[in-house]
Every structure is written in C-alpha cells, then in structure tokens.
Ligand SMILES: *Cc1c(COP(=O)(O)O)cnc(C)c1O
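Residue numbers (my numbering): 163 to 573.
Following this line, the structure appears as structure tokens:
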C-alpha cells in the first residue's frame with residue numbers, strides 16, 4: 163500500500179473551524195431548544211447584489227448560445243478583468259500583466275507555497291489566518307523537527323498584541339524568509355499604517371525576504387490614511403506579492419473569484435522572475451477561474467458594482483459596531499474585558515484577561531447560545547482572545563448583542 167504523506171501528521175490538532183462546528187453540534191444535541199446564532203466563521207451571509215448577480219445570470223444564458231459560448235479562457239484570467247482590476251485598485255502601482263485571476267485568495271496562497279518550495283523559512287503574524295501555516299506544513303516546510311513548543315522549526319511566529327499595537331517585532335524574522343502579512347488582519351482587525359508597512363517593506367528589502375500580503379479585507383478600510391494595497395509603499399514591487407479576493411466585499415465566498423499581483427521587479431536569488439514562474443504555476447496547475455465568476459467580477463468593478471459592494475461592506479461594518487457597543491458595556495469594562503475594533507475590518511478581537519479562549523467560547527455558547535471563534539485557534543498569541551465576526555443578518559446580530567449584554571457572566 164501507499165504510505166501516508168507524513169506532513170499531514172504534523173498538522174496540529176484539527177483545523178479550527180471543524181472543531182467549532184463539532185462543539186456546536188454537541189451542544190445542540192444536548193440542548194435542542196437553544197436558538198444558536200453564529201458570530202463565528204468568517205463567511206458572508208447577505209445575498210449577492212442585483213447588478214452583479216444579473217451580470218452573471220446574463221452571462222450564463224449567453225453561454226447557452228452559439229455566439230456567446232466559450233470554453234477554456236486564458237489561465238491568467240480575462241484580459242478585460244485583469245485590466246479593470248489594475249485600473250480600479252492599482253492605478254500607478256501595478257499593470258494588467260501583473261494581475262492573475264484565480265478561484266480565490268486561499269487557493270492562491272496554497273499555490274504560492276508550491277512556488278517557493280519547502281526549504282524556505284516562514285514568518286507569520288501570530289495570530290494568523292490558518293492556511294499560511296497549515297499550507298506550509300502540508301508541503302513539508304516545517305524544518306526537520308516535528309511540532310515543537312509553539313509550532314514548527316522553520317515557522318517563526320511574530321506575536322501581534324495590544325502591547326505592540328498589533329505590529330510585530332520584525333527583528334525576529336530570519337534572513338530570506340517568506341513573510342505572510344495580512345492587513346486589515348483576520349482575526350485581529352488591526353490595519354497597518356503607512357509607516358508600519360514601510361518598515362516591513364524596508365526590512366524585507368534589506369534581508370532578502372518576500373512578503374505575501376493578504377489584502378482580502380482591503381475594501382473594509384474606511385480610514386483614508388491607511389494603505390489599501392502594499393504597493394502604496396515605495397520599494398514594495400521588489401519584495402511583495404499581493405493576494406486579494408471578491409469573497410468578502412461582493413459575497414463571492416461561494417462564487418469563488420480572487421486575484422494575485424506579482425510585480426515584474428520581483429526576483430528570486432538567481433535573478434529569475436517570480437512573475438514568470440507564477441505564470442507557469444497558473445498555466446500548469448490551474449486552468450483559469452470560472453468565466454461566470456469573472457463576468458460577475460467585471461460587473462462588480464463598474465460604477466454600479468462598486469456602489470453595491472460598498473453597500474455590503476457598510477452593512478457588515480455596522481454589524482461590527484453593534485457588537486462592539488454591546489461588548490463595551492459597563493459590565494464587561496469592570497471585568498477588564500478589552501475590545502479591539504478598528505472600524506476597518508469585519509472582526510472584533512476581544513481579550514478576556516485571565517481566561518483561556520476555548521473556555522470563553524464554551525461559556526458564550528452555553529450562556530448566550532452564540533458561537534464565536536476562540537483566538538487560540540489562530541496561534542499562541544490568541545490564547546485569551548475571542549474573535550467576533552460581523553458576518554450575519556442584522557436581526558441575528560442585534561439579538562446576539564442583546565444576549566451578550568443580558569446573559570454573559572464570565573467572572
Ligand atoms: C476570507 C479570507 C480570504 C479569502 O479567501 P477566498 O479563498 O478568496 O475566499 C483570504 N484571506 C483571509 C485572511 C481571509 O479571511
């Protein structure tokens with residue numbers, strides 16, 4: 163028989179979200195009358211908007227005609243969509259030939275790991291979106307040793323806490339590392355300033371590092387002074403790949419459409435072009451994003467589409483404000499609960515001093531019938547934090563906020 167890929171054994175205790183789903187199921191089985199509301203998973207809840215969904219539906223119908231039919235398209239994506247993304251999001255920063263359309267940011271992150279292989283050292287913000295570490299583990303980029311202490315031998319965790327304003331100590335990063343950096347951040351919501359990102363880019367340049375900049379929440383940035391793309395930072399084109407997605411701003415979590423930017427100036431140690439190899443990855447291992455999804459993406463970027471996306475994002479940001487207000491209640495303040503909500507991301511990151519995150523998770527589920535996400539699932543630095551997600555219908559969010567105020571007793 164064929165042997166199991168040993169790297170799978172090195173994945174730490176189950177993936178976060180299946181564990182949450184399991185605890186919720188078990189709780190429901192024991193308490194069948196509990197009306198559970200989820201502020202847990204980062205999945206969108208509001209319907210596709212009319213202009214964008216109509217564009218996709220029209221496109222599907224045209225595929226049913228001789229004139230409108232098309233099969234495989236360019237693996238890098240429709241030229242019109244690549245041009246539109248470059249124009250809308252990267253004017254003066256990146257060009258259409260540097261835009262690669264994909265089936266989503268998470269999938270691109272997994273493919274990016276094949277681009278750099280398993281000998282590379284990895285630095286991640288702690289806490290972080292799980293795929294940066296887990297995807298690296300699966301391809302064997304853990305170093306020789308197995309799980310040790312906080313994680314893996316060649317994965318370096320960079321604590322991001324209120325104490326350092328959620329910006330890591332870059333001196334902990336080894337030379338020639340791949341640095342995963344997410345801003346606005348999932349799970350903390352922290353959004354780095356121009357000065358902070360300049361430090362990051364300068365560090366990468368000086369130390370031979372490449373930044374994988376995850377900008378999946380850039381559409382949530384409302385503070386005009388904060389950079390929406392890493393390419394606003396001078397010098398970044400030599401050191402950074404950016405991944406982004408229609409998932410959160412357009413509700414495309416199920417439709418599947420994202421993109422990556424690989425600048426022409428980005429080079430490997432031997433001087434060869436990263437863009438060239440990325441083109442190879444996309445043409446060899448990927449066969450192009452759905453043409454239906456791309457029709458939706460194109461519609462999302464015209465005036466009506468942009469207005470609709472802004473409406474969706476505003477809705478979730480308002481949900482986040484409702485949850486923040488509930489958690490800023492006197493009862494929690496007196497107990498020392500710290501609420502971090504930036505207004506530039508759909509998540510709230512909340513510290514419950516003296517408690518472990520899974521413990522808080524269980525208590526909120528038990529007392530309020532609300533599902534959250536324990537911070538420990540995102541990395542060691544999340545251990546006394548809970549992530550509250552604002553993805554939900556307004557009436558559910560309001561009801562959950564009310565229950566938190568009226569029912570939650572943690573201390
Ligand atoms: C949701 C999310 C993504 C988006 O992934 P898709 O595969 O495009 O749906 C990427 N990065 C982070 C940090 C996310 O939270």
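A virtual CB, placed ideally from N, CA and C, is assigned to each residue, including glycine.
Computed from a prediction, not measured in an experiment: that's the story for all the values here.
Verify the contact flag: residue i, CB atom, against every heavy atom of ligand 1, threshold strictly below 7 Å.
i           : result
residue 393 : no
residue 267 : yes
residue 409 : yes
residue 353 : no
residue 240 : no
residue 314 : no
residue 226 : no
residue 291 : yes
residue 376 : yes
residue 344 : yes
residue 506 : no
residue 420 : yes
residue 558 : no
residue 415 : yes
residue 348 : yes
residue 537 : no
residue 544 : no
residue 459 : no
residue 204 : yes
So for residue i, helix, strand or coil by DSSP?
i           : result
residue 570 : coil
residue 477 : helix
residue 556 : helix
residue 532 : strand
residue 564 : helix
residue 406 : strand
residue 252 : coil
residue 527 : helix
residue 330 : coil
residue 387 : coil
residue 499 : coil
residue 285 : strand
residue 173 : coil
Between residue i and residue j, is the Cβ-Cβ spacing less than 8 Å?
i           : j           : result
residue 324 : residue 330 : no
residue 550 : residue 502 : no
residue 383 : residue 346 : yes
residue 410 : residue 457 : no
residue 263 : residue 240 : yes
residue 273 : residue 447 : yes
residue 428 : residue 403 : yes
residue 377 : residue 484 : no
residue 547 : residue 513 : yes
residue 295 : residue 286 : yes
residue 556 : residue 481 : yes
residue 169 : residue 299 : yes
residue 401 : residue 367 : yes
residue 237 : residue 449 : yes
residue 374 : residue 271 : yes
residue 284 : residue 316 : yes
residue 185 : residue 566 : no
Excluding sequence positions up to five away, which residues of its chain have a Cβ less than 7 Å from the Cβ of residue i?
i           : result
residue 454 : 218, 221 and 222
residue 190 : 196 and 198
residue 224 : 230
residue 443 : 273, 276 and 277
residue 571 : 529
residue 288 : 319, 320, 321, 322, 541, 542 and 543
residue 525 : 572
Between the options, which lies nearest to residue i when the distance is taken from Cα to Cα?
i           : options               : result
residue 341 : 348, 363 and 355      : 363
residue 354 : 465, 387, 335 and 484 : 387
residue 319 : 469, 357 and 339      : 339
residue 393 : 165, 252 and 546      : 252
residue 499 : 481, 443, 573 and 180 : 573
residue 621 : 265, 170 and 233      : This structure cannot settle anything about residue 621, because the visible part of the chain is limited to 163 through 573.
residue 210 : 408, 490 and 534      : 408
residue 414 : 177, 164, 163 and 207 : 207
residue 459 : 496, 417 and 205      : 417
residue 117 : 250, 433, 494 and 167 : Since the displayed the chain opens at 163 and closes at 573, residue 117 lies outside it and no answer follows.
residue 234 : 177, 356, 451 and 180 : 451
Please work out which residues of its chain come closer than 6 Å, Cβ to Cβ, to residue i, disregarding the five sequence neighbours upstream and downstream, and give them in chain order.
i           : result
residue 369 : 337
residue 182 : 202
residue 536 : 519, 520 and 523
residue 475 : 381, 382 and 411
residue 583 : Given that the chain is displayed from residue 163 to residue 573, the structure contains no residue 583 and the question cannot be resolved.
residue 280 : 301, 302 and 303
residue 268 : 293
residue 516 : none
Please return the same chain residues whose Cβ sits closer than 8 Å to the Cβ of residue i, not counting the five positions on each side in sequence.
i           : result
residue 309 : Annotation note: pLDDT 44 at residue 309 (below 50); position unreliable, coordinate value reported separately. Within the same chain, residue 309 has close Cβ partners 172 and 174.
residue 479 : 382, 384, 505, 508 and 552
residue 569 : 529 and 530
residue 435 : 426, 428 and 429
residue 397 : 363, 364 and 367
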